[in-house]
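Take any residue in the sequence shown, count from 1 to its spot, add 340: that is its number in our numbering.
We put the CB at the ideal spot given by N, CA and C, even for glycine.
The structure presented is a predicted model; accordingly, all values stated were derived computationally and were not measured.
Below you'll find the structure, written out as structure tokens, and then a few comments.
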Amino acid sequence: MRLVIGKTELHIHVTAAIMPVFMLMAGLAAEYAAAFFSMLLHELSHVFAARICGVKAGSVSVTILGFSAVLPDGGCSRLEKLLICLAGPAFNLALFAVSLLLGRLVPGDPYFLRLLSASNLFLALMNLLPALPLDGGRLVLMLLAGNIGMLAAGRVMRGLAAAVSAIIVIAGGYQLYSSPYNASLIIIGLYIMLATMTGRAEGALMNMRQILYRRSRLLRKGIYPARDLVVVKSTRLGDLLKSMDFDRFHIIYVLDDSLRIAGVFTESQIIDALAGGTEDMTFEDLME
């Protein structure tokens, strides 16, 4: 099912109907409505921030697991990507403050406003945890990738996600012991574990995709920051990719056994060589 909110498409999977039915049967309609509204605005904030940064396309998918903003890769600087990631938690914190203030001004018992403030505070704090696929994990991944490359950063993030998800599951066990009908933290922890395992195979493709998109960004901007890398002749081209970040144009200096410059290549030449050969090709092979 597809709905359109303004210029944003909302793709609703058939499984998305399971959760509201279950919550209605459990007598938690108000709680679900507050969470639904908060999650939807969180993802729409990512989409709108992306459009401000020049990313025209974007949609939100809805499944039984919740909401997910779908944005095209490429075309954004590192700062713009950081702003897009922060847009969701920032909006949740703003909505938390507004609903909390309104709750104190409205007479009587503003139960829904209290639910809304609690939902938005929980969403903001949970999404800032340094674990993929949460916003905090994406932020840490981008910062690490700028220094150690996307693949190395991905390995660090997998270990971090495993630790965070384990802590959440343990906390969820205590939560379930205290409140037998609330297993939300366990579900979140298991979701992070599952996302980490399924995302492992995408690391190399992600690194290559970001490098390929850089060409269009360079042509669009005209000026682009560069980064120098130094390798020895026996270095494999495939290994070099692990040290490339996604927001710098790379110039590679090849050293001989005497540590003198034997050749200079741009990342475009490396990509072309990989396209015509294999990742096992060394720089010595490339210079012959």
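Of the residues the options, the one placed nearest residue i, counting alpha carbons only
i, options, result
"L569", "D597, S598, G603 and I563", "G603"
"Y531", "F362, F605, P473 and M627", "P473"
"E349", "Y372, M365, L384 and F377", "L384"
"F462", "K421, A503, L419 and I528", "I528"
"S457", "D625, S608 and M379", "M379"
"L595", "S608, N432, V571 and M584", "V571"
"A374", "C393, P450 and L419", "P450"
"I591", "S598, S574, Y564 and S439", "Y564"
"V402", "E420, H382 and I392", "H382"
"E607", "Y593, Q515 and I601", "Y593"
Under the three-state DSSP convention, the category residue i falls into
i, result
"Y593", "strand"
"L614", "helix"
"G499", "helix"
"V572", "strand"
"D625", "helix"
"A541", "Unreliable positioning characterises A541 in this predicted model, as indicated by a pLDDT of 42, which lies under 50. The coordinate reading is nonetheless provided below. Helix."
"I601", "strand"
"A471", "coil"
"S632", "Residue 632 lies beyond the stretch modelled for the chain, which goes from 341 to 628, so this question has no answer here."
Residue i versus residue j: straight-line alpha-carbon distance, rounded
i, j, result
"R358", "F407", "Inspection of the sequence shows that residue 358 is occupied by Ile rather than by Arg. Cα to Cα, I358 sits roughly 14 Å from F407."
"L577", "A501", "29 Å"
"A613", "M627", "11 Å"
"L445", "V496", "46 Å"
"S459", "A370", "11 Å"
"H386", "L422", "11 Å"
"I611", "H353", "38 Å"
"M466", "R567", "34 Å"
"L479", "A389", "15 Å"
"A430", "A503", "25 Å"
"I488", "G499", "15 Å"
"A434", "L455", "15 Å"
"S417", "S518", "46 Å"
According to DSSP, residues forming a beta bridge with residue i
i, result
"L461", "Paired residues: none, contrary to the question."
"T606", "I591"
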